[in-house]
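Chains as they are written, first to last, in my numbering: chain G, 283 to 478; chain H, 283 to 478; chain P, 283 to 478; chain X, 283 to 478.
Here the structure comes first, spelled out in structure tokens, and everything after it is commentary.
4 protein chains.
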Amino acid sequence: MRISERRAKKKREEILKSAIAIVNKKGYEGTTMEEIAAALLMTKGSLYYYFKNKDDLIFQCHNFVLSKAVKDLEKCLRAENGVSASDTLKKMIEIHIYYAFNQKESLNLIIEPKKAYTGEYLEPVLRLRKHYAGLFDEIIERGVTQGEFVVHEPIITRQFILGGLNWVQQWVRPNGRLTIDDIIDLFAYNILKILK
Amino acid sequence: MRISERRAKKKREEILKSAIAIVNKKGYEGTTMEEIAAALLMTKGSLYYYFKNKDDLIFQCHNFVLSKAVKDLEKCLRAENGVSASDTLKKMIEIHIYYAFNQKESLNLIIEPKKAYTGEYLEPVLRLRKHYAGLFDEIIERGVTQGEFVVHEPIITRQFILGGLNWVQQWVRPNGRLTIDDIIDLFAYNILKILK
Amino acid sequence: MRISERRAKKKREEILKSAIAIVNKKGYEGTTMEEIAAALLMTKGSLYYYFKNKDDLIFQCHNFVLSKAVKDLEKCLRAENGVSASDTLKKMIEIHIYYAFNQKESLNLIIEPKKAYTGEYLEPVLRLRKHYAGLFDEIIERGVTQGEFVVHEPIITRQFILGGLNWVQQWVRPNGRLTIDDIIDLFAYNILKILK
Amino acid sequence: MRISERRAKKKREEILKSAIAIVNKKGYEGTTMEEIAAALLMTKGSLYYYFKNKDDLIFQCHNFVLSKAVKDLEKCLRAENGVSASDTLKKMIEIHIYYAFNQKESLNLIIEPKKAYTGEYLEPVLRLRKHYAGLFDEIIERGVTQGEFVVHEPIITRQFILGGLNWVQQWVRPNGRLTIDDIIDLFAYNILKILK
DNA sequence: GATGAATGAGGATTCATTCAT
DNA sequence: AATGAATGAATCCTCATTCAT
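This is the structure we're talking about:
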């Protein structure tokens, strides 16, 4: 029981990972169950053994990666040592860009949830996204409290910052003139200019 | 001929405008030819007299709006009076947000062109977008030249700024707590903080 | 406009008639859109030009024939001349058996509507059936009023009678020992025995 | 062997009983192997250890119930005490209605066997049904022989009566205005009117 | 120019069935 | 005996596209 359950979970993750790659290449509507199955050398029907339907599968793709990213951000945010808000934020920017870049295939923050998800799946997606965004609110607030940041309308500012960060997936290409670390530095530099 | 040509052109624009409204609401994949036709009290078939196919039509929607936005931006950029770079940029931000707000989907800069457009349509879209972005580069450069802005790596900074601006589409809702004008002010405020 | 409308209606009826034959041979679930289309030398897709979906098509099949039967029964019931209730009823039996026999392919009173129809289609089917049954109630009631019939619990009795009549489709075969007219006579004889 | 055989038989019956309940609720096509298995806390696959395939299983459901009904009818018919044909018939009506009411679908005499059963299963079903009907012929004949009934064309009359009885399935609902016993009385009353 | 009608290529989903373990 | 997993055929339905009139 234990074993088969674990095996099933592993398989589910395997499917998710493969599906994520396809979804991010072709988009939500552009991806077919057929294609996902084929990439795994399975048949369409088998997918339905592991996922209720396409919406479910795609939803779990999104969830899978976003949850991981959230966990990373939270760890960074909860670090107990006396790190300044600026440094924590910079670390968070790094994490975000890491996901957007290395896991581009998996964390599509760009798609509009309302178009991609319906009914029962929409709400959890929105919740998770809100949570994700909230982590940035938290660090901004902390910076303000500690007198490190000066922010007018923090929510709008956070929206602006996240927009800039998300946009990375649209244009950053590996092997560009600048390294990822360069970009992270520049972004952090710009963002701190806004917040100070 | 002349007359009929002109009439056809007018009809084409009429279709575009109606289609844009629908695309804005339902998105690219969510829009059907049927729906576009119905809204104009035409039949599906007739659309094919004016547009080669759906991709063509949607492409032209995008083009139509983006071109108008470009024209607006250019007019603002070319205004000969001695406006400061800051003020010009603020005006440009206003224009962008206006379009992002009112023409949501047809000016969907968030869409990855490589996903949405194929073959003959991809290249013009990319070109126009590059042009659009270039207008922001231009104003930044001007500000730098005139000693008004101080920018490190202007392209990266512009990408960041445009990201923040494009993202507006995803979250600005009419009747929110803040008015569009408030948001424009806040965005300009933040952006100028980066650039100064 | 007139013409094309009329042509469409004719086509719709053509489809219905063909579909009716198939549905009655294979049953509701056993019939596929493919099959219906093939029988008409059309493609599946075309059916959807005329009918919203399978439920709609099947519903209209049922409706088409049942409505005709109802009309026939009503004409017979409303005949102004001083026909006795017995004679009217006999005529109605004849009509019912006529449909069950000659139009066996089309009037399947046997299928359980609740299983075959869903949502929006169930209610009209039930209503029409109730109406059909009501016509028999009417003649029974008339007979009672006129002192011609003596009936205890007319609804139950009518249910019993209609059951016996509907059953005809299960066993009457053309070219049996008895003619249809024989069967009608025998049924009328038995039914009148119940009612008198 | 003996023991395991007996255990298998018991299991088979257990499955049948559970399946019958489901089939009664959802009908032949509406029932899935999955569902039957789930109700028994088994998996789909296991069912195939006990039954060749779905047709087999459903056929045996039908058989199981119909055989029991036949047995009940026969017991009633063979009762040696000097019961009148009328009383025997009334008892048979009671049995039929009891089954029609409680075992709705699995004793679905309304289903056209040729539609539901194929190949090897069709013939036994037809045979059993014929036998079932024959029991009613028998009592009618006995009544005639004993001078209790007067029947013209007994086969047609029996068809009519059985039709009325089978139809019960379609309309009797628990908690109606009349009790089952009321309905049995009324049916018997009407049927005897025909036969006398 | 316009349209009614038809088409056909998919795509999601269901489910009976199989089979290695 | 049982099951988890996989399969594939079948089925409904959508929609861009075509074309004769």
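In this text, a Cβ means the ideal position worked out from N, Cα and C, and glycines have one as well.
Note that the structure is a prediction, hence the values are computed from the model and not measured.
Contact check, residue i vs residue j, beta carbons under 7 Å
i: Ala351 (chain G); j: Tyr381 (chain G); result: yes
i: Val305 (chain H); j: Thr314 (chain H); result: no
i: Leu477 (chain H); j: Leu417 (chain H); result: no
i: Ala361 (chain H); j: Gln428 (chain H); result: no
i: Phe442 (chain P); j: Ile375 (chain P); result: no
i: Ser300 (chain P); j: Leu323 (chain P); result: no
i: Ala319 (chain X); j: Leu329 (chain X); result: yes
i: Asn404 (chain P); j: Cys343 (chain P); result: The amino acid at residue 404 (chain P) is misidentified as Asn; the sequence shows Leu. Going by C-beta atoms, Leu404 (chain P) is not nearer than 7 Å to Cys343 (chain P).
i: Gly446 (chain G); j: Gly446 (chain H); result: yes
i: Lys373 (chain H); j: Cys358 (chain H); result: yes
i: Val426 (chain X); j: Ile379 (chain X); result: no
i: Arg294 (chain X); j: Tyr332 (chain X); result: yes
i: Phe383 (chain X); j: Val454 (chain X); result: yes
i: Leu371 (chain P); j: Ile437 (chain P); result: no
i: Glu316 (chain X); j: Lys326 (chain X); result: yes
i: Leu444 (chain P); j: Leu348 (chain P); result: no
i: Thr461 (chain G); j: Asn472 (chain H); result: no
i: Lys475 (chain P); j: Lys475 (chain X); result: yes
Proximal residues of chain G, C-beta to C-beta of residue i below 8 Å
i: Asn448 (chain H); result: Gly445 and Trp449
i: His344 (chain H); result: By Cβ distance, chain G contributes nothing, its closest Cβ being about 16 Å from His344 (chain H), past 8 Å.
Limits of the alpha helix (DSSP H) - the one that residue i falls within
i: Asn457 (chain H); result: Looking at the DSSP string, Asn457 (chain H) is not in any alpha helix (DSSP H), and its letter there is neither H nor E.
i: Ser368 (chain P); result: Ala367 to Asn384
i: Tyr471 (chain P); result: Ile462 to Leu477
Contact list for residue i against chain G, beta-carbon separation under 9 Å
i: Lys397 (chain H); result: Lys307, Lys308, Gly309 and Gly312
Neighbour list for residue i in chain X, Cβ cutoff strictly below 9 Å
i: Ile438 (chain P); result: Leu460, Asp464, Ile465, Leu468, Phe469 and Asn472
Interface partners of residue i on chain G, CB under 7 Å
i: Ile476 (chain H); result: Asn472, Lys475 and Ile476
i: Gln441 (chain H); result: Trp449 and Trp453
Closer than 7 Å at the beta carbon, the chain P residues around residue i
i: His413 (chain X); result: Chain P residues near His413 (chain X): none, gap ~15 Å exceeds 7 Å.
Chain-ordered chain X contacts of residue i [CB-CB under 7 Å]
i: Glu435 (chain P); result: Leu468
Residue i: CB within 6 Å of a non-hydrogen atom of the ligand SAH
i: Lys326 (chain H); result: Annotation note on the ligand SAH: not contained in the displayed structure, which lists no ligands.
What are the start and end residues of each continuous alpha helix (DSSP H) run of 4 or more residues lying completely inside the region 411-453 of chain H, in chain order? For the region 411-453 of chain H, the full-length alpha helix (DSSP H) segments reaching 4 residues or more read 436-453 along the chain.
Any chance you could list the alpha helix (DSSP H) runs of at least 4 consecutive residues sitting entirely within the region 298-364 of chain G, in chain order? 315-321, 326-332 and 336-360
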